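Trainee:
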Amino acid sequence: MFALCDCNSFYASCEILFAPHLRGRPVGVLSNNDGCIIARNQELKKIGIKMGMPYFQIKPLIKQHGIVLFSSNYALYADLSARVHTILDSMALNSEVYSIDESWLDVTGIDVITPFEEYGHQIRDKVKKHTGLTVGVGISKTKTLAKSCQWASKAYPATRGVVALTDDARIRKLLSFQPVEEIWGVGRRIGKRLNLMGIKTALELADTDIRFIRKNFHVVLERTVRELRGEKCISLEENVPTKQQIICSRSFSQRVTDEQAMRQAVCQYATRAAEKLRLEKQFCRHISVFMRTSPFANDPQASLSGSQQLITATQDTRDIIAAAQSVVDRIWQPGFRYAKAGIMLNDFSPTRVAQLSLFDDHAPRPGSEALMKVVDKINQGSLGKVWFAGQGIEQSWQMKREMLSPAYTTRWDALPRAKIM
DNA sequence: TCTGGGGTCCTAGGACCC
DNA sequence: TCTGGGGTCCTAGGACCC
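Numbering of the first sequence is given in this note's numbering, commencing with residue 4 and proceeding in unit increments.
Written out as C-alpha cells, the structure is:
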C-alpha cells in the first residue's frame, strides 16, 4: 500500500505563509526571469490563469483582480520542503522523496492499527500543525492508483483532502470519473491519442487489452495500465539513485547576440554544474553545451549544440570551463538573438580513475581536489564569493527576479518580525 | 518587448563488428 | 553483375514527470 502526500499549490502556499494578509487573494509564483506562472493558489486558478501563462499576459489583469505575484524564491521553498519531508518520513517506516512537494510512504499494514482514511487525516493534521502547509493524501494499492486517489482528493472538496481506496468496486468507480490525461504517466500526447481511440476515462484505459496497448504504445503505458488494475509494477525507491546527468541552463533576461557575453554565461553555468557535480561526489567525462533562440520570437531560429569527451574524468571547475569554452568556440554562430544556453554533464564515475590508453599523458591537475574544496567552502559560507575570471561580473543578461520575497527562514536578517501591541 | 529549469526512461536508427 | 544475417553500442529525439 502506498500513500502519496502532496502539498497544495506549494510555492504559492509558502509565500502566503509569510504574508498572511494575502489569504483569500489570488496569489501566484513566477518562473525564473519572471517569465511565466508556475504556481497558483485556488483563487488565482478560479480567475482562469493557466499554468505556464506568460507574465506579460497576466499583467493587464493584475489590477482588476487584485492579483499578487512573486518571483520564485527557491531558498524559501527548499527549506519548507525539507521540513515537510521530515514530518512525512516520521509517519511511516519507509518513505521516498518524490519531488520538492511530494513524498511516497509505504503504509502497508498501517490499517491494522488505524483505518487508512483516518491515518491520511493524521498526516494532514500533523503537517498543518508543524508547518502551516496543507497536504493532500491519496492511498491505494499501487503508486498509480495512489496518484489517482490524490487527484480525487483535490478534485472533490468533499473528501477533505484524503482519499483512501482498497476496495475494487470503489476503485473502479473513482477511475470512471478520472479523465485519461489526468492519470500519472499519461501526458498530453498520449492522452490525445487515447482520446482519438475512444479511451476517455481511466477506467476505460484500465479495461483496455494489454496486447493492444503494447502494440500501439510501449512498455511504459503498459505498466500504467497494469498499475491501474491493481498490479504493483513500481516500487518505493528508498535509496536515492545517483544522478546520471547534471544540467545547468538559464534563459537570459535580455537576448544575447555577442560571443563574449555567451562565453561568460556558459562559463557561469559550467561553474555551477561543476559545484553540483562535486556535491554528488561524481566525476564526469562528457560535457555538452547548447544555445538557442526563442521559439516564440519571429527571429531567425537557431538551436546549436556540441559536446566534448574528456580523456580523464574530472570534477575540477577549470577543466569543465575549458571544455565548455572550446565547445562554444566550435559551435558559435553570429547573427542570432540567443534566448537561452546551458551545459550538460554526462558519463559519470565515482572516481577520477579511468581507463587510460597506452600513450596518454593527461595527468590530472595536481592539487585539484584541495583547491575545489577551498572554493566550495568559501562559496557556501557567508564570508564572500570567489569566482573564475571567465564568468565576468554582473551581466545584463543575468536572471531577473523583481518580485522576490525575503529569505524568511534561511537568513537571520530576513526573519519575519511580529509586533507586540 | 516580455513564454522556466531539471530530471528520467524508452525507442529507433545508424555505425560497426563478425 | 550479383551483396546476408545477427548482434552490440551509441546517440538523438520523444515522451513523461515535477
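In this text, a Cβ means the ideal position worked out from N, Cα and C, and glycines have one as well.
Given the structure is predicted, the values throughout are model-derived calculations rather than measurements.
How many Å lie between E1 and F73 at the Cα?
Mentor: The first residue shown for the chain is 4 and the last is 424, placing residue 1 beyond what the model contains.
Trainee: How about L108 and S93: do their beta carbons lie closer than 7 Å?
Mentor: Numbered from 1 along the first sequence, position 105 holds the residue referred to as residue 108. Numbered from 1 along the first sequence, position 90 holds the residue referred to as residue 93. Contact flag unset, no.
Trainee: According to DSSP, is T245 part of a helix, a strand, or is it coil?
Mentor: Looking up residue 245 in the first sequence gives position 242. Here T245 sits in coil by DSSP.
Trainee: Hey, quick one: how far does the beta strand (DSSP E) through E105 stretch, first residue to last?
Mentor: Position 102 of the first sequence, counted from the start, is the residue given in the question as residue 105. Its beta strand (DSSP E) spans residues 105-109.
Trainee: Three Cβ pairs or more, each shorter than 8 Å: is that satisfied between the segment 7-17 and the segment 57-68?
Mentor: Segments in contact, no.
Trainee: In the DSSP assignment, what residue or residues form a beta bridge with A344?
Mentor: Residue mapping note: residue 344 aligns to position 341 of the first sequence, counting from 1. BP columns for A344 point to R253, M294.
Trainee: Can you check which of these residues, I50, A78, V87, G393, is closest to G69 by C-alpha distance?
Mentor: Looking up residue 69 in the first sequence gives position 66. When only C-alpha atoms are compared, the closest one is I50.
Trainee: Using the Cα positions of L168 and I213, report the straight-line distance between them to the nearest angstrom.
Mentor: For this step, residue 168 is matched to residue 165 along the first sequence. For this step, residue 213 is matched to residue 210 along the first sequence. Roughly 24 Å between the two C-alpha positions.
Trainee: Of the residues W154, V228, A155, Y77, which one's Cα is nearest the Cα of Y411?
Mentor: In the first sequence, counting from the first residue as 1, residue 411 sits at position 408. Measuring from the Cα of Y411, the nearest candidate turns out to be Y77.
Trainee: Take M56 and list the residues in its own chain whose beta-carbon comes closer than 8 Å to its own, dropping the five residues that flank it on each side.
Mentor: Reading the first sequence from its first residue, position 53 is the one you call residue 56. Closer than 8 Å at the Cβ level, and outside the excluded window around M56, lie C39, I40.
Trainee: Start and end of the beta strand (DSSP E) containing N198?
Mentor: Mapped onto the first sequence, residue 198 falls at position 195. Where N198 is concerned, there is no enclosing beta strand (DSSP E), although the alpha helix (DSSP H) it sits in stretches over 191-199.
Trainee: Skipping 5 residues on each side, what residues in its chain have a beta carbon closer than 8 Å to that of I19?
Mentor: Along the first sequence, read from residue 1 onward, the residue named residue 19 stands at position 16. L25, R26, V30, N44, listed in sequence order.
Trainee: Kindly give me the distance between the Cβ atoms of Y341 and R275, rounded to whole angstroms, as I take these residues to be in contact under 8 Å.
Mentor: The residue labelled residue 341 in the question sits at position 338 within the first sequence. The residue labelled residue 275 in the question sits at position 272 within the first sequence. So it is not a contact: roughly 18 Å between Cβ atoms.
Trainee: Once DSSP output is grouped into helix, strand and coil, what is the label at Y411?
Mentor: The residue labelled residue 411 in the question sits at position 408 within the first sequence. Coil, per DSSP.
Trainee: For the alpha helix (DSSP H) holding D2, just list the boundary residues, first then last.
Mentor: Outside the shown range of the chain (4 to 424) lies residue 2, about which nothing can therefore be said.
Trainee: Quick check on the DSSP output: what are the complete alpha helix (DSSP H) runs of length 4 or more inside the segment 111-161, in order along the chain?
Mentor: The segment 111-161 contains these whole alpha helix (DSSP H) runs: 119-134, 146-158.
Trainee: Taking 6 Å as the cut-off, is the CB of L136 close to at least one heavy atom of the ligand MN?
Mentor: Judged by which ligands are present, the structure shown has none, so any question about the ligand MN falls away.
Trainee: Looking only at its chain, what residues have a beta carbon closer than 6 Å to the beta carbon of W154, apart from the 5 residues adjacent to it on each side?
Mentor: Position 151 of the first sequence, counted from the start, is the residue given in the question as residue 154. For W154, where only same-chain residues beyond five positions count, the Cβ hits under 6 Å are E185.
Trainee: By Cβ distance below 6 Å, which residues in the same chain neighbour W187 in space, the five residues on each side in sequence not counted?
Mentor: Working through the first sequence from its first residue, we reach residue 187 at position 184. T147, K150, listed in sequence order.
Trainee: By Cβ distance below 8 Å, which residues in the same chain neighbour V189 in space, the five residues on each side in sequence not counted?
Mentor: Against the first sequence, residue 189 aligns to sequence position 186. These residues qualify, in order along the chain: V183, L197, L208, L224, T227.
Trainee: Could you give the distance in angstroms between the alpha-carbon of L280 and the alpha-carbon of C236?
Mentor: Here residue 280 refers to the residue found at position 277 when the first sequence is read from its first residue. Here residue 236 refers to the residue found at position 233 when the first sequence is read from its first residue. Going by the C-alpha atoms only, they are around 31 Å apart.
Trainee: For the segment 254-273 against the segment 320-336, do three or more pairs of beta-carbon atoms, one drawn from each stretch, fall closer than 8 Å, so that the two count as touching?
Mentor: Judged by Cβ distances under 8 Å, the segment 254-273 makes contact with the segment 320-336, as three or more pairs qualify.
Trainee: Can you list, in chain order, the residues of its chain whose CB lies under 8 Å from that of P298, leaving out five sequence neighbours each side?
Mentor: Counted from its first residue, the first sequence places residue 298 at position 295. Only Q304 meet the Cβ criterion.
Trainee: Compare the Cα-Cα distances from K176 to each of R368, C152, K157 and report the closest residue.
Mentor: As a first step, residue 176 must be located in the first sequence, where it is residue number 173. Of the candidates R368, C152, K157, the one whose C-alpha sits nearest the C-alpha of K176 is C152.
Trainee: Cα separation between Q247 and K422?
Mentor: For this step, residue 247 is matched to residue 244 along the first sequence. For this step, residue 422 is matched to residue 419 along the first sequence. If I take the Cα positions, the gap works out to 49 Å.
Trainee: Does DSSP put S74 in a helix, a strand or coil?
Mentor: Translated into positions along the first sequence, residue 74 becomes position 71. Three-state DSSP puts S74 in a strand.
Trainee: What's the gap between the Cα of M4 and the Cα of P118?
Mentor: If you number the first sequence from 1, residue 4 lands on position 1. If you number the first sequence from 1, residue 118 lands on position 115. Taking the straight line from one Cα to the other gives about 12 Å.
Trainee: Can you tell me whether I40 is helix, strand or coil according to DSSP?
Mentor: Within the first sequence, numbered from 1, the residue matching residue 40 stands at position 37. It is a strand residue.
Trainee: Would A172 be called buried (16 or more neighbouring beta carbons within 10 Å of its own) or exposed?
Mentor: As a working mapping, residue 172 is identified with position 169 in the first sequence. Counting Cβ neighbours within 10 Å, A172 comes out exposed, since fewer than 16 surround it.
Trainee: Pick out whichever of G164, V130, K132, R217 has its Cα sitting closest to the Cα of V140.
Mentor: Counting from 1 along the first sequence, the entry for residue 140 is found at position 137. When only C-alpha atoms are compared, the closest one is G164.
Trainee: Mind checking Y80: buried by the 16 CB within 10 Å criterion, or exposed?
Mentor: Residue numbering aside, residue 80 sits at position 77 when the first sequence is read from its first letter. Y80 should be labelled buried.
Trainee: Where M402 and F255 are concerned, what is the direct C-alpha to C-alpha distance, given to the nearest angstrom?
Mentor: In the first sequence, residue 402 corresponds to position 399, counting from 1. In the first sequence, residue 255 corresponds to position 252, counting from 1. Approximately 6 Å, taken between the alpha carbons.
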